[in-house]
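Okay, so the sequence shown: first residue is 0 according to numbering that gives the first Met the number 0, each after it adds one. What follows is one structure encoded as structure tokens, with my remarks underneath.
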Amino acid sequence: MIYDGQSVDSYQTQNTPQVTVTENKERSAPFSFGSDGSRSQIDIHKFVAKLQSISGFSSTAKCAKSVRIALQSAGAKIISHPVAASDWGDTLTKIGYRQIQPAFDHPQKGDIYIIKRTPNHIYGHIAGYSGSQWISDFKQNSYDVYRDDNVTYTYYRPL
Numbered sequence: 000m001i002y003d004g005q006s007v008d009s010y011q012t013q014n015t016p017q018v019t020v021t022e023n024k025e026r027s028a029p030f031s032f033g034s035d036g037s038r039s040q041i042d043i044h045k046f047v048a049k050l051q052s053i054s055g056f057s058s059t060a061k062c063a064k065s066v067r068i069a070l071q072s073a074g075a076k077i078i079s080h081p082v083a084a085s086d087w088g089d090t091l092t093k094i095g096y097r098q099i100q101p102a103f104d105h106p107q108k109g110d111i112y113i114i115k116r117t118p119n120h121i122y123g124h125i126a127g128y129s130g131s132q133w134i135s136d137f138k139q140n141s142y143d144v145y146r147d148d149n150v151t152y153t154y155y156r157p158l
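Shown next as structure tokens:
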């Protein structure tokens, strides 16, 4: 199961970055809007560093939790979030990502992809790009982690 259940998440970040809240609601990189409408700065380098530091070499079925923790440590204000990795698209757009056509041949640091749920993978999958590899709860060999013909990807890039 690949999920991010709030009830089982007791992880607390020791050095949570401070988030600047302003009245200006204009979108501009590297800023994004938290799900509560406030403006927060997402530091892509911190996102990647945290994702690399908490990932292992094999899956723990906690990809959504790993990506969420990395986003929050980079300054994203995530007030509520879905449990299933497959359902993270709206949350990503609320914090400053935009959905684009899959660009697996030219990924950029900070890109995130989601694999929608399938009959064999009911929670789906989510991973971020470090600049050299895809990382979720583990360091992936490629974006293609499911050997399944029914896979559908959505792809997001920071504004």
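We put the beta carbon where it would ideally sit given N, CA and C, even for glycine. From a predicted model like this one, the values you see are computed outputs, not experimental measurements.
Which listed residue (the options) has its alpha carbon closest to that of residue i
i      : options                   : result
Ala126 : Thr117, Val47 and Gln40   : Val47
Lys61  : His44, Val82 and Ile78    : Val82
Pro101 : Thr153, Asn149 and Leu158 : Thr153
Proximity test, Cβ basis, 8 Å: residue i and chain C
i     : result
Lys64 : As a matter of chain content, chain C is missing from the structure shown, which is built from one protein chain.
Cα-Cα separation between residue i and residue j, rounded to whole angstroms
i      : j      : result
Ser58  : Tyr122 : 14 Å
Ser52  : Ile113 : 21 Å
Gln107 : Thr117 : 26 Å
Lys45  : Tyr96  : 16 Å
Ile94  : Lys76  : 7 Å
Asp86  : Arg67  : 13 Å
Gly130 : Leu158 : 17 Å
Asn149 : His105 : 23 Å
Residues near residue i in its chain [Cβ-Cβ closer than 7 Å; skip 5 each side]
i      : result
Gln132 : Lys138 and Gln139
Where residue i falls: helix, strand or coil (DSSP)
i      : result
Gly88  : helix
Lys108 : coil
Ile43  : helix
Tyr145 : coil
Pro157 : strand
Lys61  : coil
Gln51  : helix
Ala83  : strand
CB-CB length for residue i against residue j, believed under 8 Å
i      : j      : result
Gly88  : Asp42  : Gly88 to Asp42, Cβ: 22 Å. No contact.
Tyr155 : Gln71  : Incorrect: roughly 16 Å between the Cβ atoms, too far for contact.
Ser65  : Asp136 : 4 Å
Thr151 : Lys115 : 4 Å
Tyr142 : Phe103 : 5 Å
Beta-carbon proximity list for residue i, same chain, < 6 Å, skipping 5 on both sides
i      : result
Leu50  : Ala69, Gly127 and Ile134
Ala84  : Ile1, Cys62, Ala63, Tyr122, Gly123, His124 and Ile125
Asp110 : Tyr128 and Arg156
Thr90  : His80
Contact set for residue i: own chain, Cβ-Cβ below 8 Å, skip 5 residues either direction
i      : result
Tyr147 : The sequence given here has Asp at residue 147, not Tyr. The answer, listed in chain order, is Thr117, Asn119 and His120.
Phe56  : Phe137 and Lys138
Ser54  : Ser65, Ile134, Ser135, Asp136, Phe137 and Lys138
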